[in-house]
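Input: a single structure, listed below in structure tokens.
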Amino acid sequence: MLVCESCGREYPGDASGRWRCDCGHALDFAERPLPDADTPPGRGDTPPLDRDRGLWAFESFLPVDRRVTLGEGWTPLVDGGEWDCQFKLESLFPTGSFKDRGATATVSRAVALGVDRVVEDSSGNAGLAVATYAARADLDAEIYVPADAKPGKLRAIERTGADLVRVEGTRQDVTDACVAAVESSAEGGDSAGYYASHAWDPAFFAGTSTVALEIAAQRDWDVPDAVVTPLGHGTLFLGAYRGFVALREAGWTDEVPRLLGAQATGAAPIADALRAETGDESPPTNALADGIQIREPARGDQIRAAIRETGGDAVAVGPDATEREHDRLARAGLHVEPTCATATAALDIYRERGVVDSEDDVVVALTGTGLKG
4 MLVCESCGRE YPGDASGRWR CDCGHALDFA ERPLPDADTP PGRGDTPPLD
54 RDRGLWAFES FLPVDRRVTL GEGWTPLVDG GEWDCQFKLE SLFPTGSFKD
104 RGATATVSRA VALGVDRVVE DSSGNAGLAV ATYAARADLD AEIYVPADAK
154 PGKLRAIERT GADLVRVEGT RQDVTDACVA AVESSAEGGD SAGYYASHAW
204 DPAFFAGTST VALEIAAQRD WDVPDAVVTP LGHGTLFLGA YRGFVALREA
254 GWTDEVPRLL GAQATGAAPI ADALRAETGD ESPPTNALAD GIQIREPARG
304 DQIRAAIRET GGDAVAVGPD ATEREHDRLA RAGLHVEPTC ATATAALDIY
354 RERGVVDSED DVVVALTGTG LKG
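Numbered by the numbering used here, the letters in the sequence shown go through residues 4 to 376 in order.
Pasting the structure below:
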């Protein structure tokens, strides 16, 4: 069963064409499963996790069954050195970004629903993840992308055999074109395919919730004081929130960390709303952080709720700070894409503002590789 948290409408969970509520809000699974054991794995009589299953070792938390996998999950959690934090290396996935967490769950759901084609819109990483897992599942895929997206990402998507649709204009124009295709085909009685959206599909967020489960497990079931992630549609941010809440509800941990977001100047609706006052001049658009160029996040109300309920925050990071941090990360041996650098730049801002102090235990997610070009 799918439910709308805004108006309360419910829809059958096997309705493959239903991707949002009639009121326009995103849908979620009506029930989010929890494990039977109230003691975390490896403690007491509870057996340890089978890490050979990848993130599906946490299937007792997941509302979908594993049907397609590439062994994704258990990315390293390493010391952050001069940043005085821990880095969760989400760039070390089969397609080079954390979006594989959502793709394995979403495409597994698509297979269970019996669809033969998936459709997605993306600046690159989500599109590559969905196209790759669709290829693994022998499904057709159609990916809508900005015409000026990074050539390396577009070539990688094409090599999966997916149909690539280049759209001129803004990132929102890409989403609008994809949604128009999905909706027009549905109105005509045809099927453009299952909308495997990283912004709308609840299975995607179930998949990304496993980042929190892994962080807790890698820290012997001790959660950090704060987690910092890039923030566009909130795919990892909101997934992490849901994962940490599920751990607390299961009785495996006691706390939920503060969730701290890093947005890009010029596309920072959450950060801007938290700080209503603005200067006379608009900050320069941070085009370097192309992965979070989202001005209208599909789940904006849920992102704001996660910030409010965890005592979190969101800040906007400009292009100069992004470029500086991107270079700094590379010199430390961390080859990530510029979007990731907004997270470490944001950490500096949070420390300057006293949101994070010197005693806080912080995990920063480095979300995508810089090696795809």
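Note that beta-carbon positions come from the ideal geometry of N, C-alpha and C, so glycine has one too.
Predicted, not measured: the structure shown is a model, and the values here were computed from it.
- Linking G315 to R21 through their CA atoms gives a straight-line distance of about 32 Å.
- A residue is called buried once 16 or more other Cβ atoms fall within 10 Å of its Cβ, and A249 is buried on that count.
- S212 carries a coil assignment under DSSP once its states are collapsed to helix, strand and coil.
- CA-to-CA, the gap between L291 and G235 works out to about 13 Å.
- Assigned with DSSP and collapsed to three states, K156 falls in helix.
- Along the length of the region 101 to 146, whole beta strand (DSSP E) runs at least 3 residues long occupy 120 to 124, reported in chain order.
- The secondary-structure analysis by DSSP pairs C10 with nothing; it has no beta-bridge partner.
- A direct Cα-Cα distance of roughly 42 Å separates A270 from P51.
- The criterion of a C-beta distance shorter than 7 Å is satisfied by L277 and A317.
- DSSP places D151 in the coil class of the three-state scheme, outside both helix and strand.
- Excluding residues up to 5 positions away in sequence, A138 lie with their Cβ nearer than 7 Å to the Cβ of G164 in the same chain.
- In the DSSP assignment, R23 falls outside any alpha helix (DSSP H), carrying neither H nor E.
- When the alpha-carbon of C88 is set against those of G371, V367, L374, G373, the nearest one is in V367.
- Take P79, set aside five residues on each side of it, and the residues of its chain with a beta-carbon closer than 7 Å to its own are L92, L95, in chain order.
- With fewer than 16 other CB atoms across the displayed protein chains lying within 10 angstroms of its CB, V81 is exposed.
- Annotated three-state conformation of R327 is helix, per DSSP.
- A direct Cα-to-Cα measurement between T238 and F208 gives close to 6 Å.
- With fewer than 16 other beta carbons inside 10 angstroms of its own, P15 counts as exposed.
- D17 carries a coil assignment under DSSP once its states are collapsed to helix, strand and coil.
- About 5 Å separates the Cβ atoms of G321 and T268, confirming a contact at the 8 Å cut-off.
- DSSP, read as helix, strand or coil, puts G242 in helix.
- Proximity of the region 297 to 308 to the region 338 to 347 falls short of the contact definition, fewer than three beta-carbon pairs being nearer than 8 Å.
- At the C-beta level, V118 and A195 stay beyond 7 Å of one another.
- Under the 10 Å beta carbon count, L116 is surrounded by fewer than 16 other beta carbons and is classified as exposed.
- The continuous stretches of beta strand (DSSP E) do not include T347, which lies in the alpha helix (DSSP H) extending over residues 341 to 356.
- Listed in chain order, the non-local C-beta contacts of R174 below 7 Å within the same chain comprise S126, P149, Q296, I297, local neighbours out to five positions each way being set aside.
- Counting along the chain, no alpha helix (DSSP H) covers R169; the unbroken beta strand (DSSP E) around it starts and ends at 166 to 170.
- Taking a C-beta distance under 7 Å as the contact criterion, R169 and S111 do not qualify as a contact pair.
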